[in-house]
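Student: Mind looking over this structure? Questions follow.
There are 2 protein chains.
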Amino acid sequence: MNQAIALDNHSACGSEPGLITVDEALQLILDRTQALTTECIGLDQALNRYLATPISSQINLPLFSQSAVDGYALCHEGEIEAGVHFELIGEIRAGQRSELVLQQGQAVRLFTGAKIPVHTTTVARQEIVQAIEHQNMIKITAALQPHADIRDVGEEVAVGQCLGQAGQQLSVGAIASLSMAGVQTVHVYALPKVAVVITGDEIADTMDELQSGKIFDANGPLIRAWFQQQHQQVYIFHVTDTEYAVSQLFHDLKDRYDVILTTGGVSVGDYDFVRPVALNIGFKEIFWKVKQKPGKPMFFAEYARKQHSPCYLLGLPGNPAAVYVGIQVYVNLLMKALQGQKSPCAWFSGIIQHELKSDQRERFLRMYAQFEQGQLYLNSLSKQQSHMLSNLMQANCLVRIPANQNIQKGAVLSGIFI
Amino acid sequence: MNQAIALDNHSACGSEPGLITVDEALQLILDRTQALTTECIGLDQALNRYLATPISSQINLPLFSQSAVDGYALCHEGEIEAGVHFELIGEIRAGQRSELVLQQGQAVRLFTGAKIPVHTTTVARQEIVQAIEHQNMIKITAALQPHADIRDVGEEVAVGQCLGQAGQQLSVGAIASLSMAGVQTVHVYALPKVAVVITGDEIADTMDELQSGKIFDANGPLIRAWFQQQHQQVYIFHVTDTEYAVSQLFHDLKDRYDVILTTGGVSVGDYDFVRPVALNIGFKEIFWKVKQKPGKPMFFAEYARKQHSPCYLLGLPGNPAAVYVGIQVYVNLLMKALQGQKSPCAWFSGIIQHELKSDQRERFLRMYAQFEQGQLYLNSLSKQQSHMLSNLMQANCLVRIPANQNIQKGAVLSGIFI
């Protein structure tokens, strides 16, 4: 089954035949990847991880009927009129066990979250209660309906109710919500082990080295920071532009990592060894070259491993803007797909504030987006070329400009916040 | 100067006098906090930190004039017509130093990012160049303008140009951009040292303890996860509901932490010791009680320290929904303010898809927002009460509902993504 070749036919991109579209490339990442193994971990370690199985609640929430306010549990049939007196027989604090049972005409002092005693008919918030001095009596100062300010057992969540679906990512709110239901461990997908390979002989480490035609590396720091933002560790390798060095490294990495992410060396230059070396080692091409700017020569391949999910190689071009798009869009999706989350990217839609000229490839432009009256307005920034990154100090989104269209002011475009 | 008392006069909140509005509370956090000290750290440690001083570029970007493509540097006056031949005199790779100097009619093989030789007039991409076999000659196969595919020195950034402003947060893109300019250390604000104090005797650690009226704690895990998301460490303390225990703990923490964040014990219940204890120790109240739901009894105070910035105490109510709003809105702003970023919260605006009844306090509702045709549509979720969190498994935003207004379908509301 040679799906890579089949792909060559299903898009004809004007003057650049053989390229697939951005949407086709993204879909191939979803379709051609297998989720990794799963593991059970403590909920306190699970921020941003993806559930491998649904979670059902073991308890009711609230766990017991309780007071919603600081006040008094009362026992009285029907509505209570202002002026009615009750005998005060005790106090229950939140977290306190109590065997108190109310009889008609009796009251118990309660605090928010405290379990209401047996035979409570309603709760009076303390603002409408007056203590009668030197007597164990209270007076209700405003009319009160039955069952006021009572949180009923199970009214939020019943035992057995589904709390989270497989594939769901555990946000801060999800962690809090599961904690409240007493969940202490979760079954999640393993985190992909990622090796990053920076190719190229042009990387300077110090100002002095700049004299010899070298440049500072943005790609390694960019990728490291992105994974750090995702709370995921990566291992960065630098490799010189020789076939031997690249080959030795890939040979070693393919067995130890789930993903090899490379920058540079994927075009058709004389020193572009990533693709030929990968194919030679036994990687199968899933796609090569996407009709996009920046990042056209992107390469995606898989290596089958015995008793293991495949190793995936995503080869990004070396231009920093291509690496930026690659990581925010493609690597992001790949990491999710390997963790069982197979839904497509969630693009926003926004309204462009100016014209954009047509280009034969789809473009990703760095923009500044702002909300106004419920609408999202997009403004492109200058310095969009693929060797430039300085506008990322201002940009807050990455916006897709469809190929072969003159974009008018007011057109709706899709993008992601960055 | 008793600003806390002055505040009591400047808002009269209908039936709940003395409360300040959400906007007033947020403004007080900005106005009444001092930024912490600053420090120099490695750029690789600086993700999400805030710049304390502007950064200027030490270098030009590009550092030297270079090829934008794999191709050939040519020396030729004016436009080059198809068919013109050039003598090939060498090759320059990216990162390679070269002393080559072109004469009229000569060419040098170049790769993307390679420094162009002296006297280069234009660059021909390899797609329009044909090698002449057995000769050191190439032929240009399409007309070519002067200065094609050359990236000029300093065209993106000039030496001395400002790269980032004081107060700017270092995103992934900012880290990449600064790396490319050779920045290796940055001057940033120190991270606030935060102690979290969970009050309340009702916290269960195991299923067995639930039998005695206790509940599982959502607040500790929520706060820990939020700070983890921000890549910030916090120290969590549990304290029993006695005046002595709270007092001892505050005494100890105020000297060692920049922020004490508490949950519970800030209302007017008989066991609400946070505010009286803090005031007794010497904290000065900045505000208490905000006209909001959830989270009305929120308390904010400062403790002056010798030769140190003050210690701030933010007391959140114990209801988990109030803690959630407190952390996403107020703690978020406080952390920024202490790191020199004094701009207000960046609220989105979105369009509500249904009616909402009026309430005398401003509400924060957990909602699900989605984009359509450049507009952001908001849908409220069920189970919004202050003791409920389970809808955070679905919510993606927190939306502000103004006080004392019936909200119509189609109204514009502000909020934050969560």
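Residue numbers (the UniProt record's numbering), protein chains in the order written: chain A, 1 to 418; chain B, 1 to 418. Beta carbons: idealized from backbone N, C-alpha and C, even for Gly.
#1: In angstroms, rounded to a whole number, what distance separates the CA positions of A:Glu155 and A:Met180?
#2: Could you check where the alpha helix (DSSP H) with B:Ile281 kicks off and where it finishes?
#3: According to DSSP, is B:Gly164 part of a helix, a strand, or is it coil?
#4: What does B:Asp258 reach in chain A if we use C-beta pairs closer than 9 Å?
#5: Determine, for A:Ala174, whether the minimum Cβ-Cβ distance to residues of chain B falls below 8 Å.
#6: Is it buried or exposed for B:Glu202, if we count other Cβ within 10 angstroms and need 16 for buried?
#7: With DSSP run on the structure shown, which of helix, strand or coil describes A:Ala176?
#8: Relative to the alpha-carbon of A:Glu355, which residue among A:Asp149, A:Val274 and A:Asn406 has its alpha-carbon at the smallest distance?
#9: For B:Gln373, would you say it is in contact with chain A, using Cβ-to-Cβ distances shorter than 8 Å as the test?
#10: Measuring alpha carbon to alpha carbon, tell me which residue in A:Ala114, A:Val84 and A:Lys115 is nearest A:Met137.
#11: Beta-carbon within less than 7 Å of B:Arg366's beta-carbon, same chain only, minus the 5 sequence neighbours each way: which residues are those?
#12: Using a Cβ-Cβ cut-off of 6 Å (strictly less than) and excluding sequence neighbours within five positions of B:Gln126, which residues of its own chain qualify?
#13: The beta strand (DSSP E) with B:Leu348 in it runs from where to where?
#14: Under the rule that 16 or more other beta-carbon atoms within 10 Å means buried, what is A:Arg224, buried or exposed?
#15: Measure the C-alpha to C-alpha separation of A:Gly90 and A:Leu100 and round it to an integer number of angstroms.
#16: Under 7 Å, CB to CB, which of the residues in the segment 340-356 of chain A have a partner in chain B?
#17: Does DSSP put A:Ser380 in a helix, in a strand, or in coil?
#18: Check the Cβ of B:Pro402 against every Cβ in chain A and list those closer than 7 Å, keeping chain order.
#19: Starting from B:Ser267, find everything on chain A with Cβ-Cβ shorter than 9 Å and list it in chain order.
#20: Looking only at C-alpha atoms, which of A:Phe300, A:Gly200 and A:Asp270 sits nearest to B:Leu110?
#21: In the DSSP assignment, find the beta strand (DSSP E) that holds B:Tyr72 and state where it starts and stops.
#22: Contact criterion: CB-CB distance below 8 Å. Does A:Ala225 meet it with respect to chain B?
#23: Sorted by chain position, which residues of the same chain lie with C-beta nearer than 6 Å to A:Ser98's C-beta, five sequence neighbours on each side aside?
#24: Is the segment 168-176 of chain B in contact with the segment 213-228 of chain A, if contact means three or more CB pairs nearer than 8 Å?
#25: If you draw a straight line from the alpha carbon of B:Lys336 to that of B:Lys342, how long is it in whole angstroms?
#26: Who pairs with B:Arg125 in a beta bridge, going by DSSP?
#27: Whole angstroms is fine: what's the gap from A:Asp258's alpha carbon to A:Tyr312's?
#28: Can a CB atom of chain B be found closer than 8 Å to the CB of A:Lys214?
#29: Would the beta-carbon of B:His187 fall within 8 Å of that of B:Thr53?
#30: When the distance is taken between beta carbons, is A:Val290 closer than 8 Å to A:Leu19?
#31: Quick one: is B:His76 buried, meaning 16 or more other Cβ sit within 10 Å of its Cβ, or exposed?
#32: Report the CB separation of A:Gly410 from A:Tyr189 in whole angstroms; it is logged as a contact under 8 Å.
#33: With 16 other CB atoms within 10 Å as the buried threshold, where does B:Val157 fall?
#34: Any beta-carbon of chain B closer than 8 Å to the one on residue 424 of chain A?
#35: Would you say A:Val412 lies against chain B (beta-carbon separation less than 8 Å)?
#36: Please confirm whether A:Gln229 has its beta-carbon closer than 8 Å to some beta-carbon of chain B.
Tutor: With the structure as the only source:
#1: Position 155 of the first sequence, counted from the start, is the residue given in the question as residue 155 of chain A. Position 180 of the first sequence, counted from the start, is the residue given in the question as residue 180 of chain A. Cα-Cα distance, rounded: 14 Å.
#2: One-based indexing of the second sequence puts residue 281 of chain B at position 281. From DSSP, the alpha helix (DSSP H) with B:Ile281 extends over Val274 to Ile281.
#3: Here residue 164 of chain B refers to the residue found at position 164 when the second sequence is read from its first residue. Residue state, collapsed to three classes: strand.
#4: Your numbering for residue 258 of chain B matches position 258 in the second sequence. Residues of chain A passing the Cβ test: none, with the nearest at roughly 22 Å.
#5: Numbered from 1 along the first sequence, position 174 holds the residue referred to as residue 174 of chain A. True, the Cβ-Cβ gap to chain B drops below 8 Å.
#6: Working through the second sequence from its first residue, we reach residue 202 of chain B at position 202. By the neighbour-count rule (16 or more Cβ atoms within 10 Å), B:Glu202 is buried.
#7: By 1-based counting over the first sequence, the position of residue 176 of chain A is 176. In the structure shown, A:Ala176 sits in a helix (DSSP, three-state: H, G or I).
#8: Working through the first sequence from its first residue, we reach residue 355 of chain A at position 355. Closest by alpha carbon: A:Asn406.
#9: Here residue 373 of chain B refers to the residue found at position 373 of the second sequence. It does: the Cβ of B:Gln373 has a partner Cβ on chain A nearer than 8 Å.
#10: Here residue 137 of chain A refers to the residue found at position 137 when the first sequence is read from its first residue. Considering only alpha carbons, the answer is A:Val84.
#11: In the second sequence, residue 366 of chain B corresponds to position 366, counting from 1. Beyond the five residues adjoining it in sequence on each side, B:Arg366 comes within less than 7 Å, by CB distance, of Leu381, Gln384, Asn391, Leu392, Ala395 and Leu398 in the same chain, given in chain order.
#12: Your numbering for residue 126 of chain B matches position 126 in the second sequence. Only Asp70 and Gly71 meet the Cβ criterion.
#13: Counting from 1 along the second sequence, the entry for residue 348 of chain B is found at position 348. For the record, residue 348 of chain B in the displayed sequence is Phe; it is not Leu. In the DSSP assignment, B:Phe348 falls within the unbroken beta strand (DSSP E) covering Phe348 to Ile352.
#14: Here the question's residue 224 of chain A lines up with position 224 in the first sequence. With 16 or more neighbouring CB atoms inside 10 Å of its own CB, A:Arg224 falls in the buried class.
#15: As a first step, residue 90 of chain A is located in the first sequence; it is residue number 90 there, counting from the start. As a first step, residue 100 of chain A is located in the first sequence; it is residue number 100 there, counting from the start. When only Cα atoms are considered, A:Gly90 and A:Leu100 end up about 8 Å apart.
#16: Residues are counted here when their Cβ sits less than 7 Å from a Cβ of chain B; for the segment 340-356 of chain A these are Phe348, Ser349, Gly350 and Ile351, given in chain order.
#17: The residue given as residue 380 of chain A occupies position 380 in the first sequence. The three-state reading of DSSP puts A:Ser380 in strand, counting E and B together.
#18: As a first step, residue 402 of chain B must be located in the second sequence, where it is residue number 402. Result: empty, since nearest Cβ-Cβ is about 15 Å, beyond 7 Å.
#19: The residue given as residue 267 of chain B occupies position 267 in the second sequence. Contact of B:Ser267 with chain A by beta-carbon distance below 9 Å involves Asp70 and Thr112.
#20: Residue 110 of chain B sits at position 110 when you count from the first residue of the second sequence. With distances taken between CA atoms, B:Leu110 lies nearest to A:Asp270 out of A:Phe300, A:Gly200 and A:Asp270.
#21: Within the second sequence, numbered from 1, the residue matching residue 72 of chain B stands at position 72. Where B:Tyr72 is concerned, the enclosing beta strand (DSSP E) stretches over Gly71 to Leu74.
#22: Taking the first sequence and counting its residues from 1, the one referred to as residue 225 of chain A is at position 225. So, interface residue.
#23: Within the first sequence, numbered from 1, the residue matching residue 98 of chain A stands at position 98. Excluding residues within five positions, the ones whose Cβ falls inside 6 Å are Ile92.
#24: Between the segment 168-176 of chain B and the segment 213-228 of chain A there are three or more C-beta pairs closer than 8 Å, enough to call the two in contact.
#25: Reading the second sequence from its first residue, position 336 is the one you call residue 336 of chain B. Reading the second sequence from its first residue, position 342 is the one you call residue 342 of chain B. If I take the Cα positions, the gap works out to 7 Å.
#26: The count along the second sequence starts at 1 and reaches residue 125 of chain B at position 125. Answer is B:Gly71.
#27: Taking the first residue of the first sequence as 1, we reach residue 258 of chain A at position 258. Taking the first residue of the first sequence as 1, we reach residue 312 of chain A at position 312. Cα to Cα, the separation comes out at about 6 Å.
#28: Here residue 214 of chain A is taken as the residue at index 214 of the first sequence, counted from 1. So yes, A:Lys214 belongs to the interface.
#29: For the purposes of this step, residue 187 of chain B is taken as the residue at position 187 of the second sequence. For the purposes of this step, residue 53 of chain B is taken as the residue at position 53 of the second sequence. Taking 8 Å as the Cβ cut-off, B:His187 and B:Thr53 qualify as a contacting pair.
#30: Here residue 19 of chain A corresponds to residue number 19 of the first sequence, with the count starting at 1. Here residue 290 of chain A corresponds to residue number 290 of the first sequence, with the count starting at 1. With respect to A:Val290, A:Leu19 sits close: the two C-beta atoms are nearer than 8 Å.
#31: Against the second sequence, residue 76 of chain B aligns to sequence position 76. Classification of B:His76: buried, given that the 10 Å Cβ count is 16 or more.
#32: In the first sequence, counting from the first residue as 1, residue 410 of chain A sits at position 410. In the first sequence, counting from the first residue as 1, residue 189 of chain A sits at position 189. Not confirmed; about 42 Å, so no contact.
#33: Locating residue 157 of chain B in the second sequence gives position 157, where the first residue counts as 1. Around the C-beta of B:Val157, 16 or more other C-beta atoms lie within 10 Å, and the residue is accordingly described as buried.
#34: Residue 424 of chain A lies beyond the residue range present for chain A, which begins at 1 and ends at 418; the question has no answer from this structure.
#35: Start at 1 with the first residue of the first sequence, and residue 412 of chain A comes out as number 412. Contact with chain B is found for A:Val412, since one of that chain's Cβ atoms lies less than 8 Å from the residue's Cβ.
#36: Residue mapping note: residue 229 of chain A aligns to position 229 of the first sequence, counting from 1. Closer than 8 Å: yes.
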